[in-house]
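Q: Protein chains in written order, with this note's numbering: chain A, 47 to 261; chain B, 94 to 825.
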């Protein structure tokens with residue numbers, strides 16, 4: 047049977063190079079996971095953000111403690127409703143007294159409402175008699191976007207293992223009227239109580255309300 | 094009378110004639126002139142009767158309008174809250190989107206008078222950085238129904254007090270409110286409406302939904318959520334489409350909504366929100382026409398399957414495969430592929446060709462192995478890229494989808510025929526890329542690369558029957574992970590040959606080349622022919638006898654052309670040219686006939702007309718049949734199959750045709766639904782996607798009144814009976 051007679055060719059260096067490129071592509075594909083939107087029951091998105099004193103707060107370092115994240119913007123009427131009535135400060139005091147970590151986050155971009163310098167932020171905290179463990183400054187919006195923070199106020203709670211357990215509003219009265227404070231069901235207080243008792247949360251995901259975060 | 098006076102002021106009116114007419118009329122209508130003069134202030138005030146006094150806040154001027162004044166007690170009446178918004182600022186729709194608050198009214202009305210809810214015309218999408226709101230700029234109009242009891246004394250005025258609250262934002266947000274008061278007079282006949290009020294009401298009503306669109310479904314897809322509506326009732330094709338859900342959490346407001354019009358449906362791809370699995374699936378659909386006019390419709394979508402968890406959480410009986418496990422499974426699957434009749438001959442020939450080349454150094458052998466691996470990986474990478482591109486375009490694709498396209502099946506049948514002929518020795522496929530001629534390593538590394546790509550090509554259809562789990566999972570992932578899994582499959586496919594080529598001392602281990610190699614090569618032609626025969630059978634199911642005839646004729650043409658080339662290969666130049674020409678003509682004819690099969694689709698075989706099974710009467714799958722049976726509390730067994738799916742056929746012969754199973758189905762009054770995915774039925778594609786699958790087989794058992802259970806892909810009668818039995822004993 048006729049067959050073509052091919053001469054044996056030298057192995058080409060191109061082939062191993064191609065293979066190496068393919069291998070790199072596969073490795074890169076494995077290493078780079080698609081960013082997932084935060085989900086209750088999944089590990090909370092990591093962050094490493096500096097507070098007003100310049101100290102960097104890392105979620106990984108906070109393992110073993112319950113962490114509450116509160117997005118704020120002091121010019122927003124909905125934030126003022128809670129701070130003006132002392133509601134937010136009382137909640138902060140309760141949480142920090144129980145050994146939990148309360149981090150207030152400001153994700154407003156420079157030039158936008160809510161953006162403050164570190165000194166101004168400290169002054170605000172003193173004026174409002176707020177009691178967070180720290181105020182984190184996130185002017186690039188990295189942490190806000192990682193958590194999908196949409197409104198001010200927007201609250202997130204992670205348990206000591208670092209799992210996200212609550213995300214949403216502070217209470218069930220989505221208005222800016224301070225008259226709506228008494229009698230409102232405070233989701234954060236209820237969630238912290240459920241966590242302490244070891245119960246599954248009655249409300250784990252609620253609709254956050256407020257002004258949009260000024261990225 | 095008034096018209097006469099107006100003539101006085103008409104430019105160019107001849108003064109004398111007018112004055113004469115005025116004098117004449119004045120003498121005749123002295124009384125009516127006096128009456129008219131007294132009525133003039135009332136006429137001036139008439140517009141204000143329909144409008145409450147406006148209230149201006151810093152950013153908004155609010156009005157409360159009545160459509161008519163006076164009104165008739167007992168007749169329906171509409172008021173309108175009109176918010177004129179400062180440029181650059183906006184108010185909100187009933188679902189404000191990522192942030193914000195919709196306007197509301199606190200009414201103070203006399204007893205017996207009641208007001209309905211604020212109505213909201215179609216909103217616009219207002220982007221705020223990475224977030225988005227649903228709201229209004231310029232002017233927001235909100236009609237409200239007011240009902241007045243029929244026994245209201247005619248002539249008694251109705252004082253209406255509305256305390257309106259709204260949030261208006263630009264970059265900052267300002268909650269504002271206004272007290273709007275309006276006094277409605279009552280009369281036996283409705284009063285007139287003035288043009289500005291009429292215009293405002295007309296504009297408000299034009300913004301309200303034109304109707305409700307029925308038949309909408311919301312289904313989870315690998316990419317998110319798909320809203321699908323019947324195209325009938327939409328009118329002309331729109332240039333832009335947007336879906337605004339009633340509730341928060343169903344979708345991400347800021348996400349793009351790619352949409353497409355098919356022959357009979359409009360489909361939108363939505364990005365799920367935080368509570369996509371449980372939020373109300375209804376909303377407002379806005380369509381922008383070619384002229385820029387916006388129409389809106391209410392949409393009450395249904396979720397065809399029981400509330401699915403949002404994508405990312407797989408069905409309970411198929412726990413999400415961890416990535417390392419999926420990679421391992423894919424690698425294993427690739428290894429197993431080497432044994433399949435599609436791939437085995439190629440691998441065997443290639444391996445033997447290594448043995449035949451005693452003159453190659455270990456390095457050269459290793460390079461061949463790497464080139465072969467590269468060929469396999471590049472092919473799989475290219476195939477993945479194509480599949481992901483198609484998925485990104487929104488089509489629900491599955492692994493094995495290519496076998497739903499008759500021309501592809503036809504061409505693959507040709508490939509296997511020609512490869513078989515080559516192995517049998519009837520045809521010489523020389524050249525550097527094939528490397529099969531004469532069992533030699535043709536063309537060095539380039540030949541090895543080509544053989545690798547060929548191995549991957551012939552392996553691809555053979556993965557469809559057996560690789561459902563890993564590949565279905567892979568195609569739902571982000572593209573780097575999907576690519577990684579497919580490449581792991583390729584590595585598994587290439588691994589045996591790579592191992593052989595890299596093993597030192599290979600030449601010593603393998604038997605000496607001899608005549609037996611030629612005989613083995615010819616023997617290996619038959620698995621190739623067997624694969625071609627299988628593909629012809631698949632084609633016959635898809636296209637019927639007509640398509641089969643076309644492809645058989647194509648095979649005849651290709652074979653003849655190749656034989657002619659073979660016969661003339663050693664003859665003179667002009668003969669050789671003639672032979673090559675004949676081969677090309679034959680192949681071209683075969684290709685053309687292969688593509689012609691795309692038009693000859695066999696009528697969709699109903700499940701009952703397919704291979705009859707003793708004792709099991711199947712009904713063709715339809716979502717309505719499933720929903721109806723579930724509503725009736727009847728258990729259902731769904732079997733999704735396809736003609737090319739060998740596992741499906743084996744399962745049907747072994748498990749589903751067993752007498753015990755048939756008896757159990759009858760005893761439970763089970764509805765047996767069989768879906769045939771050979772022809773790419775989109776309803777079946779959606780059903781598969783609902784369980785996170787892109788391929789068949791899929792077996793789902795719905796116990797009466799219970800949650801669906803997905804059965805394993807390899808069935809035995811025991812598995813099926815256990816699934817039925819465990820539910821039969823369960824309390825209803």
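Glycine is no exception: its CB is placed at the ideal position from the N, C-alpha and C atoms.
Just to confirm the assignment, what range does the beta strand (DSSP E) spanning residue 769 of chain B have?
A: Taking the second chain and counting its residues from 1, one reaches residue 769 of chain B at position 676. Looking at the DSSP string, the run of the beta strand (DSSP E) that includes residue 769 of chain B is 764 to 769.
Q: Given a cut-off of 8 Å on the beta-carbon distance, is the pair residue 634 of chain B and residue 686 of chain B in contact?
A: Looking up residue 634 of chain B in the second chain gives position 541. Looking up residue 686 of chain B in the second chain gives position 593. In this structure, residue 686 of chain B does not lie closer than 8 Å to residue 634 of chain B by Cβ.
Q: If I measure Cβ to Cβ from residue 154 of chain B and keep anything under 6 Å in the same chain, skipping five residues before and after, which residues do I get?
A: For the purposes of this step, residue 154 of chain B is identified with residue 61 of the second chain, where counting begins at 1. Closer than 6 Å at the Cβ level, and outside the excluded window around residue 154 of chain B, lie 147, 177.
Q: Please name the residue, chosen from B:224, B:584, B:167, B:616, that lies closest to residue 422 of chain B on a Cα-to-Cα basis.
A: The sequence position of residue 422 of chain B within the second chain is 329, counting from 1. Cα-wise, what sits closest to residue 422 of chain B is B:584.
Q: Would you say residue 222 of chain B faces chain A, with C-beta separation under 8 Å as the test?
A: For the purposes of this step, residue 222 of chain B is identified with residue 129 of the second chain, where counting begins at 1. Chain A, which has a Cβ nearer than 8 Å to the Cβ of residue 222 of chain B, makes this yes.
Q: Residues in its own chain within less than 6 Å of residue 187 of chain B by CB, not counting five upstream and five downstream?
A: The residue you call residue 187 of chain B lines up with position 94 of the second chain. Cβ neighbours of residue 187 of chain B beyond the five flanking positions: 195, 213.
Q: May I ask which residues mark the beginning and end of the beta strand (DSSP E) holding residue 244 of chain A?
A: Taking the first residue of the first chain as position 1, residue 244 of chain A is located at position 198. Premise fails: residue 244 of chain A is in no beta strand (DSSP E) and is neither H nor E.
Q: Between residue 20 of chain A and chain B, is any beta-carbon pair separated by less than 8 Å?
A: Look at the range of chain A in this structure, 47 to 261, and you will see that residue 20 of chain A is not part of it.
Q: For my contact list, residue 839 of chain B and residue 419 of chain B are in at a C-beta cut-off of 8 Å; report their separation, rounded to the angstrom.
A: Nothing about residue 839 of chain B can be read from this structure; chain B reaches only from 94 to 825.
Q: Along chain A, which residues have their Cβ under 8 Å away from the Cβ of residue 267 of chain B?
A: As a first step, residue 267 of chain B is located in the second chain; it is residue number 174 there, counting from the start. Within chain A, the residues near residue 267 of chain B are 123.
Q: List the residues of chain A whose Cβ lies closer than 8 Å to the Cβ of residue 194 of chain B, in chain order.
A: Walking along the second chain from the start, residue 194 of chain B turns up at place 101. Simply 220, 221, 222, 255.
Q: By Cβ distance below 6 Å, which residues in the same chain neighbour residue 342 of chain B in space, the five residues on each side in sequence not counted?
A: In the second chain, the residue the question calls residue 342 of chain B occupies position 249. For residue 342 of chain B, where only same-chain residues beyond five positions count, the Cβ hits under 6 Å are 366, 367, 368, 372.
Q: Does the beta-carbon distance from residue 621 of chain B to residue 509 of chain B come in below 8 Å?
A: On the second chain, position 528 is the one that residue 621 of chain B refers to. On the second chain, position 416 is the one that residue 509 of chain B refers to. Yes, Cβ-Cβ distance for residue 621 of chain B and residue 509 of chain B is below 8 Å.
Q: Please determine, among A:180, A:211, A:155, A:139, the residue with the shortest C-alpha to C-alpha distance to residue 248 of chain A.
A: Counting from 1 along the first chain, the entry for residue 248 of chain A is found at position 202. When only C-alpha atoms are compared, the closest one is A:211.
Q: Of all the CB atoms in chain B, is at least one closer than 8 Å to the CB of residue 251 of chain A?
A: Taking the first chain and counting its residues from 1, one reaches residue 251 of chain A at position 205. Closer than 8 Å: yes.
Q: Does the beta-carbon of residue 442 of chain B have 16 or more other beta-carbons within 10 angstroms, so that it is buried, or is it exposed?
A: Numbered from 1 along the second chain, position 349 holds the residue referred to as residue 442 of chain B. Result: buried.
Q: Taking C-beta to C-beta, are residue 591 of chain B and residue 788 of chain B nearer than 8 Å?
A: Here the question's residue 591 of chain B lines up with position 498 in the second chain. Here the question's residue 788 of chain B lines up with position 695 in the second chain. Not a contact, by the Cβ cut-off of 8 Å.
Q: With 8 Å set as the bound, which would you pick, yes or no: does the beta-carbon of residue 349 of chain B sit closer than that to a beta-carbon of chain A?
A: Numbered from 1 along the second chain, position 256 holds the residue referred to as residue 349 of chain B. Residue 349 of chain B does not count as touching chain A.
Q: Which ranges does the alpha helix (DSSP H) cover as unbroken runs of at least 4 residues, wholly within the region 279 to 307 of chain B, from first to last along the chain?
A: Runs found: 288 to 300.
Q: Grab me the residues of residue 527 of chain B's own chain with a C-beta within less than 6 Å of its C-beta, minus the 5 sequence neighbours each way, in chain order.
A: As a first step, residue 527 of chain B must be located in the second chain, where it is residue number 434. Here residue 527 of chain B scores only 43 on pLDDT, less than 50, and its place in the model is too uncertain to base an answer on.
Q: Kindly indicate the opening and closing residues of the beta strand (DSSP E) around residue 795 of chain B.
A: As a working note, residue 795 of chain B is residue 702 in the second chain. Per DSSP, residue 795 of chain B belongs to the beta strand (DSSP E) from 791 to 795.
Q: Which residues does DSSP list as the beta-bridge partners of residue 262 of chain B?
A: As a first step, residue 262 of chain B must be located in the second chain, where it is residue number 169. In DSSP, residue 262 of chain B forms a bridge with B:183, B:266.
Q: Specify the secondary structure class of residue 573 of chain B as computed by DSSP and reduced to three states.
A: Here the question's residue 573 of chain B lines up with position 480 in the second chain. Three-state result, residue 573 of chain B: helix.
Q: By how many angstroms is the C-alpha of residue 575 of chain B removed from the C-alpha of residue 587 of chain B?
A: Sequence index remark: in the second chain, residue 587 of chain B carries index 494 (1-based). Sequence index remark: in the second chain, residue 575 of chain B carries index 482 (1-based). Each residue's Cα considered, the two are about 19 Å apart.
Q: What does the alpha-carbon distance come out to for the pair residue 807 of chain B and residue 749 of chain B?
A: As a position in the second chain, residue 807 of chain B is number 714, starting the count at 1. As a position in the second chain, residue 749 of chain B is number 656, starting the count at 1. Approximately 11 Å, taken between the alpha carbons.
Q: If you count every other CB in all the chains shown that lies within 10 Å of the CB of residue 73 of chain A, and 16 or more means buried, which is it?
A: Position 27 of the first chain, counted from the first residue, corresponds to residue 73 of chain A. The pLDDT assigned to residue 73 of chain A is 36, lower than 50, so where the model puts this residue is not dependable; a value taken from the coordinates is nonetheless given after this. Counting Cβ neighbours within 10 Å, residue 73 of chain A comes out exposed, since fewer than 16 surround it.
Q: Just tell me which of A:85, A:84, A:260, A:86 has its CA closest to the CA of residue 223 of chain B.
A: As a working mapping, residue 223 of chain B is identified with position 130 in the second chain. It is A:260 whose Cα lies nearest to the Cα of residue 223 of chain B.
Q: Hey, could you find the ends of the beta strand (DSSP E) residue 114 of chain A is sitting in?
A: In the first chain, the residue the question calls residue 114 of chain A occupies position 68. Counting along the chain, the beta strand (DSSP E) containing residue 114 of chain A begins and ends at 113 to 117.
Q: DSSP three-state call for residue 271 of chain B: helix, strand or coil?
A: Counted from its first residue, the second chain places residue 271 of chain B at position 178. Correct three-state label for residue 271 of chain B: strand.
Q: Mark residue 214 of chain A as exposed unless 16 or more other C-beta atoms lie within 10 angstroms of its C-beta, in which case mark it buried.
A: Looking up residue 214 of chain A in the first chain gives position 168. Its Cβ being crowded by 16 or more others within 10 Å, residue 214 of chain A is buried.
Q: I'd like to check one pair, residue 323 of chain B with residue 83 of chain B: are the Cβ atoms closer than 8 Å?
A: The structure shown has nothing for residue 83 of chain B, since chain B only spans 94 to 825.
Q: Nearest chain B C-beta to residue 258 of chain A closer than 8 Å, yes or no?
A: For the purposes of this step, residue 258 of chain A is taken as the residue at position 212 of the first chain. Chain B, which has a Cβ nearer than 8 Å to the Cβ of residue 258 of chain A, makes this yes.
Q: Can you list, in chain order, the residues of its chain whose CB lies under 8 Å from that of residue 281 of chain B, leaving out five sequence neighbours each side?
A: Translated into positions along the second chain, residue 281 of chain B becomes position 188. Closer than 8 Å at Cβ, skipping near neighbours: 165, 247.
Q: Tell me the DSSP secondary structure of residue 105 of chain A in three-state form.
A: For the purposes of this step, residue 105 of chain A is taken as residue 59 along the first chain, with counting starting at 1. Residue 105 of chain A: coil per DSSP, three-state reduction.
Q: Could you name the residues of chain A that residue 772 of chain B contacts, counting a contact when the two beta carbons are closer than 7 Å?
A: As a working mapping, residue 772 of chain B is identified with position 679 in the second chain. Those do not exist, as residue 772 of chain B stays about 33 Å from chain A at its closest Cβ, beyond 7 Å.
Q: How is the alpha helix (DSSP H) around residue 162 of chain B delimited, first residue to last?
A: The residue labelled residue 162 of chain B in the question sits at position 69 within the second chain. Careful: residue 162 of chain B lies outside any alpha helix (DSSP H) and carries neither H nor E.
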